[in-house]
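Chains as they are written, first to last, in the working numbering: chain A, 471 to 691; chain B, 813 to 1673.
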């Protein structure tokens, strides 16, 4: 659904963008996702709920449940790592955008893209270490998870969280989630989350707002 | 891919067309994926991801999913005008006393799975059947032309009368199944279905009695407990200390609205988990289970080995056995059995080898099932000493000939450890738990009338060999009248809510048989692979387009209202409308006037075909007031129920099957009132050909060597054992055409890494798999997570044969066996095969629309 773009508006935006020196928005409170890598059955109800919510065709996947498996028969293991956009404290996508279409919300740190400014150059897609931005060829824009801002603003939770049959996916203020201080069904009693798991890009790159309960084979040494 | 709005509008009914025009003025286009985008574009500019209106700007309608999957969850339709814009699920708001986020263990949210969440793709799919069609090409070719309802109904009515006149009362085969089941009113089912009542009243019906998914289990539970209601409610699993998932993968098949979630609660409370399965499933991973890989079709042997260890270590619950069991050991054998034709052996002495000199020891079992004797002993000890422990004997291992022996063996283990009727234990089995009021349509003297009833997987054999068929070959159900033993002369088939042609065993044999039919009618909302073999396609309204109430599926205690969310697409009608109208037409053609139509649907008159709202409402209200309110202590009115959309029962304690029997001495529903390890019914059989079983079955659970498994002679020619479990991304064949689901999983064959290395197969390679019955072409997935020698290919892919008869889509049922199974279990797991790399073409069927049935509309003949 490639829409007519307002070229003048985009040119002005590029001009504005060139003038600006980027300093990351420091949100009043940063929301983030938490996911239990072991207890997740990998059903992908969250993915489908997301696609339905956002009207995506096959192809772009805002949320991706990744299956990890290993070992040698019969000593095998498997777990899931479930990510969408990590709404990073220092989003790598944001400064790459030539039109300034990507922005971070002051109130809750949600990173969003204004598609009316997006020209589909896909620089953000290349910059993101987590594969969050998704190119939508029919519309020639890049889109991604915006944590269902409409639901958040209505006082509810995003579609993926509300879809989770095992109640292992949740959102919350990320600092409190990391500290184990935010009540959430993602954690079993006594469990503490971590900020990163194996094979994930170094969180120091962008400071992603994500918490995991790792599998024993997925723990960082 | 964008769809042309006018093209779509042309396929919709006039009201909808007008509506779309109005809605399209702003949007002017359809969103990607064929999903209707009616957003006011102006508003959408504000944010990137608001091409759609916010939920709160839409009309919210509570409904449910409606397919034959293993659970039943709430769907919440968010609609604009007559179009469902998106779906969400239970968030705690809708029930009595609910609020956003309410999710207690007593009344958990009924959250829909990935399949339920993708319903809009099915509802608005290119394969949606919108008009009555009649076949103009060869069967299976997919050439149809559109006709009017009048023409289609008249053709079917006249043909039915002609077939009955010429071939008699068994000529029409009822292959209704549960594809659109578990509404209380619009039912498709083998026993309670609308089709069965219609054909029975018409006086021409051969019934299909065995259930593809779990007939082995059903038969076992009926013999052992006298009922299939052997299940606990899902919350009972939270109380187990040990859960043995035997061939059970609740991460895929769910089996209850929240079973998997309560099992997570059990895990948090310290419950240990074991998986006995050829595959390391996602359930094993999520519950951190001890995986015991086992050779397919050898489960009964391993269980016998466990029983041996329990008996010889004196770990059995002897008090429980003495009080509740029949035939478990010499002490529980009633006197009459000494003189019975088949009932002289007891279970313990069979296990100890008293009769045949072969103790069924763990070492003996290890040689058969491939599990080390030490592991068999360890599991036996764990199960016998952990209380309470749930051995959940799932359906899949029972899908083999003599599959019921596995389920009976499991029941013996459950009984000897005293885990029946206790919270945290388990007697499943079938797993049917809370008893719902299931039927709102007239279920009266006309329901389920049949003139012959055969094993469902034997129809092709019956047709191809008629009249040289013996009753035992087709599992003919005995009758008390002159029709007893009369082989049905099948000349026509009805499919209602059923894609059985695609789903039964040995499809190539079915293809031969279907060409002998004189009438094949397919009633569905989708152009299914079965439909391509039909003469007439009736477009049936989906559950979003008709009024009903949803039942939980075997586990769960709630009802969900299903209002007519949107008007039926195209010219769709409900099954009930079609049968009612056919009844009126047949009545008039045969000179009995309105009598048939009026008796079939007593609350309606002939106008029902065009106006069904008031009649359906009347049936449902009557059901609610006279059954639910009257029998189930519900005080909420029908009007209030409709307003809420859901009613969740609060049980005073978790529902556990047979609690009454164990705690209060109520007799079991078996002839002896005991848990029948020795079946009283089987013990007295003298002539097996006069039973529905057809051939001998031992009266106690025994290991019977299967026809096909890794150690059978046929394995020398076909060395791999192919199993075809339920997939997660489909419900049987339903949803196969949904791109969202297809991109989550490939239709691929899973092969062990060491096997793959020997054959030079790598992940993504196209392979061919074949045996004497047929062949498939699929990509391979190479993993350590499956037992060497075993291949896994999920059932339900849409049949797509190339010129040489290879199924390019990868439907495993061209490979499976239709061999007769005495107790009726389908032999889906009888499939020894070979596999090799291939240059043949695999057609997954969704990315290139290769199996799209949309071409039915594109041609004009």
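Note that CB positions come from ideal geometry on N, CA and C, so glycine has one too.
- Item | Classification of residue 1082 of chain B by the beta-carbon crowding that lies within 10 angstroms, buried from 16 upward | The residue in question, residue 1082 of chain B, is exposed, as its Cβ has fewer than 16 Cβ neighbours within 10 Å.
- Query: Of all the options A:569, A:503, A:507 and A:505, which has the alpha carbon lying nearest to the alpha carbon of residue 487 of chain A?
  - Reply: Distances from the CA of residue 487 of chain A to each of A:569, A:503, A:507 and A:505 were compared; the closest alpha carbon is that of A:569.
- Query: Would residue 1106 of chain B be called buried (16 or more neighbouring beta carbons within 10 Å of its own) or exposed?
  - Reply: With a threshold of 16 other beta carbon atoms within 10 Å, residue 1106 of chain B meets it and is buried.
- Beta-carbon proximity list for residue 674 of chain A, same chain, < 8 Å, skipping 5 on both sides: There are no such residues.
- Query: Are residue 1678 of chain B and residue 1214 of chain B touching if we call contact CB-CB under 9 Å?
  - Reply: Not covered by the structure: residue 1678 of chain B. The range shown for chain B is 813 to 1673.
- Message: So, at 8 Å on beta carbons, what are the nonlocal neighbours of residue 1320 of chain B in its own chain, with the 5 sequence-adjacent residues on each side left out?
- Response: Within the same chain, residue 1320 of chain B has close Cβ partners 1585, 1586, 1617 and 1626.
- Message: Below 8 Å on the Cβ atoms is my contact criterion, and I expect residue 1342 of chain B with residue 1387 of chain B to pass it. Report the Cβ-Cβ distance as a whole number of Å.
- Response: That pair is no contact at about 15 Å.
- Is the region 1237 to 1252 of chain B close to the region 1038 to 1054 of chain B, with three or more CB pairs under 8 Å? Yes, the region 1237 to 1252 of chain B touches the region 1038 to 1054 of chain B.
- Anyone know if the C-beta pair for residue 1362 of chain B and residue 994 of chain B falls short of 9 Å? Going by C-beta atoms, residue 1362 of chain B is nearer than 9 Å to residue 994 of chain B.
- Near residue 1453 of chain B, what residues of its chain come up, given a Cβ to Cβ distance below 7 Å and the 5 sequence neighbours on each side ignored? The residues are 1373, 1436 and 1459.
- Nearest CA to the CA of residue 1100 of chain B: which residue from B:1114, B:1084, B:1111 and B:1569? If we check each option's Cα against that of residue 1100 of chain B, B:1084 comes out closest.
- Query: Given that a residue counts as buried once 16 or more other Cβ atoms are within 10 Å of its Cβ, and exposed if not, what is residue 1179 of chain B?
  - Reply: So residue 1179 of chain B ends up on the exposed side.
- Proximity test, Cβ basis, 9 Å: residue 632 of chain A and chain B: With 9 Å as the cut-off, residue 632 of chain A counts as an interface residue toward chain B.
- For residue 1273 of chain B, does the three-state DSSP call read helix, strand or coil? Looking at residue 1273 of chain B - three-state DSSP - the assignment turns out to be helix.
- Query: Are the beta-carbon atoms of residue 1095 of chain B and residue 1063 of chain B separated by less than 9 Å?
  - Reply: Yes, they are a contact pair.
- Any C-beta of chain B sitting closer than 9 Å to the C-beta of residue 513 of chain A? Residue-level contact check: residue 513 of chain A touches chain B, since one or more beta carbons of chain B fall below 9 Å from its beta carbon.
- Query: Do you know offhand how far residue 1640 of chain B's Cα is from residue 1502 of chain B's?
  - Reply: Going by the C-alpha atoms only, they are around 26 Å apart.
- Message: Would you say residue 1539 of chain B lies against chain A (beta-carbon separation less than 9 Å)?
- Response: No, its Cβ sits nowhere closer than 9 Å to a Cβ of chain A.
- Can you pull the chain A residues whose beta carbon is under 7 Å from the beta carbon of residue 811 of chain B, in chain order? Nothing can be reported for residue 811 of chain B: it is not among the residues displayed for chain B, which extend from 813 to 1673.
- Task: Rounded to whole angstroms, what's the CA-CA distance from residue 620 of chain A to residue 534 of chain A? Just pull it up for me.
- Result: Distance between the alpha carbons of residue 620 of chain A and residue 534 of chain A is about 21 Å.
- Check distances from the C-beta atoms of the region 538 to 560 of chain A to those of chain B and list, in chain order, the residues that come in under 9 Å. The residues in question are 539, 540, 541, 542, 543, 544, 545, 546, 547, 548, 549 and 550.
- Paired residues, beta bridge with residue 547 of chain A - DSSP: DSSP, once it has assigned bridges, lists A:540 as partnering residue 547 of chain A.
- Query: Which residue comes first and which comes last in the alpha helix (DSSP H) that contains residue 1020 of chain B?
  - Reply: Going by DSSP, residue 1020 of chain B is part of no alpha helix (DSSP H) but of the beta strand (DSSP E) stretching over 1018 to 1020.
- Message: Using 8 Å for Cβ pairs, my map puts residue 1329 of chain B next to residue 1390 of chain B. What's the rounded Cβ distance?
- Response: In this structure residue 1329 of chain B is not in contact with residue 1390 of chain B, their Cβ atoms being roughly 19 Å apart against a cut-off of 8 Å.
- Going straight from the alpha carbon of residue 599 of chain A to that of residue 1543 of chain B, what length do you get? Going by the C-alpha atoms only, they are around 36 Å apart.
- Burial state of residue 500 of chain A (16 or more Cβ within 10 Å): Per the 10 Å Cβ criterion, buried.
- Message: At the level of alpha carbons, what is the spacing between residue 548 of chain A and residue 601 of chain A?
- Response: In a straight line, the C-alpha of residue 548 of chain A is about 22 Å away from that of residue 601 of chain A.
- Item | Backbone secondary structure at residue 1175 of chain B - three-state DSSP | DSSP, reduced to helix, strand and coil, places residue 1175 of chain B within a helical segment of the structure shown.
- Query: Hey, would you say residue 526 of chain A sits closer than 9 Å to residue 585 of chain A, going by beta carbons?
  - Reply: Residue 526 of chain A is not a Cβ neighbour of residue 585 of chain A, given a cutoff of 9 Å.
- Message: Please list, in chain order, the residues of the region 1094 to 1105 of chain B that have any C-beta partner in chain A closer than 9 Å.
- Response: Answer in chain order: 1094, 1095, 1096, 1097, 1098, 1099, 1100, 1103, 1104 and 1105.
- Query: Secondary structure at residue 1637 of chain B, three-state DSSP: helix, strand or coil?
  - Reply: In the structure shown, residue 1637 of chain B sits in coil (DSSP, three-state: anything other than H, G, I, E or B).
- Thinking residue 901 of chain B and residue 633 of chain A are a contact (beta carbons under 8 Å), I'd like their distance in whole angstroms, please. At roughly 6 Å, the Cβ-Cβ gap stays under 8 Å, so residue 901 of chain B and residue 633 of chain A are in contact.
- Task: For the beta strand (DSSP E) holding residue 1562 of chain B, just list the boundary residues, first then last.
- Result: Segment 1561 to 1564, the beta strand (DSSP E) holding residue 1562 of chain B.
- Amino acids of chain B, ordered along the chain, whose beta-carbon sits closer than 8 Å to that of residue 597 of chain A: Neighbours of residue 597 of chain A on chain B: none; closest Cβ ~17 Å, over 8 Å.
- Message: For residue 1588 of chain B and residue 1537 of chain B, which I take to be in contact (beta-carbon distance under 8 Å), what is that distance rounded to the nearest angstrom?
- Response: Their Cβ separation, rounded to whole angstroms, is 16 Å, which puts residue 1588 of chain B and residue 1537 of chain B out of contact at 8 Å.
- alpha helix (DSSP H) segment containing residue 1219 of chain B, residue limits: According to the DSSP assignment, residue 1219 of chain B belongs to the alpha helix (DSSP H) that extends over 1216 to 1228.
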